[in-house]
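For reference, the structure is listed below as structure tokens.
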Amino acid sequence: MTAPSQRDEDEGFGESMLQARESSSYLTKFVTWEYSTIYTDSLDFDEYIRPILEYCTPLWSPSRQYLIDELENVQRRFTARILARSGLFHVPYRRRLTLLNASTLALRRTIYDLNLLYNSFAGNIDSNYRKIFTLSNFNNFTRGHPFRLSSERVRTQKFRESFIIRVVRLWNELPGEVIRSSSSSAFNRAIERFLREKGYY
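Structural data, given as structure tokens:
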């Protein structure tokens, strides 16, 4: 599972951004205000816009900062608009996310990456992770968890940006109690708490 080429990344990005922006504009301009609240608007974003921005994120996750920012700006602008419709102006982005019980798209992509790896180890998906990842030789140590992975040698920038490289460092840092979560949803909640404590939001 490797990163797409720069050309493919740009083309996929352009198509996704156009569709997401058009959908976002439609929701904020044409959905009736009479029965609209910031919470129903947020749910509309979750249902109609976010899936466009998060399609197949473990395979296609932007690596260049301007792409990361452009994706985030769709949610950034949408949350500003729906709060402004309720008379809440100039609310900082992080505060808007707190009010809406939401996370940045960047954090959600990181959670998707880790969740895919968790489900591979747990046997919840048809994936032979042993053909992709190598368990670390240091898993007998008391620190960490027994599913730590070896880091592959990186020779190209494209490979450095791929799922199998970017997911390893954070996966190896996860506490054992997070890895031993009883379900995929419990794992998601646990890693979100862990990542927020590390400064992600």
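Under the working numbering, read the sequence shown as residues 924 to 1124, first letter to last. C-beta atoms are modelled at their ideal positions from N, C-alpha and C, and glycine is treated no differently.
Counterpart residues of residue i in DSSP-defined beta bridges
i	result
Leu-1022	In the DSSP output, where bridge partners are listed per residue, Leu-1022 has none listed.
Leu-1072	Leu-1058
Boundaries of the alpha helix (DSSP H) in which residue i is found, first to last residue
i	result
Tyr-1035	1028-1045
Val-1101	1099-1102
Ser-1126	The structure shown does not extend to residue 1126, since the chain spans only 924 to 1124, so no value can be given for it.
Simplified DSSP assignment, three categories, for residue i
i	result
Thr-963	helix
Asp-992	helix
Gly-1067	coil
Thr-1049	In the sequence under discussion, the amino acid at residue 1049 is Asp, which differs from the Thr named in the question. Residue state, collapsed to three classes: coil.
Glu-977	coil
Tyr-971	helix
Thr-1079	coil
Tyr-1012	Sequence inspection shows Phe at residue 1012; the Tyr mentioned does not correspond to that position. The answer is coil: DSSP assigns Phe-1012 none of H, G, I, E or B.
Ala-926	For Ala-926, the predicted structure reports a pLDDT of 49, less than 50, and the residue's modelled location is therefore unreliable. A value from the coordinates is still provided. Correct three-state label for Ala-926: coil.
Trp-1094	helix
Glu-1084	coil
Ser-984	coil
Tyr-1170	Outside the displayed range of the chain (924 to 1124) lies residue 1170, so it cannot be described from this structure.
7 Å Cβ shell around residue i - same chain, five flanking residues per side excluded
i	result
Asn-1042	Ile-1048, Ser-1107
Own chain residues within Cβ distance below 6 Å of residue i, not counting five before or after
i	result
Ala-943	Ile-972, Ile-975, Leu-976, Val-997
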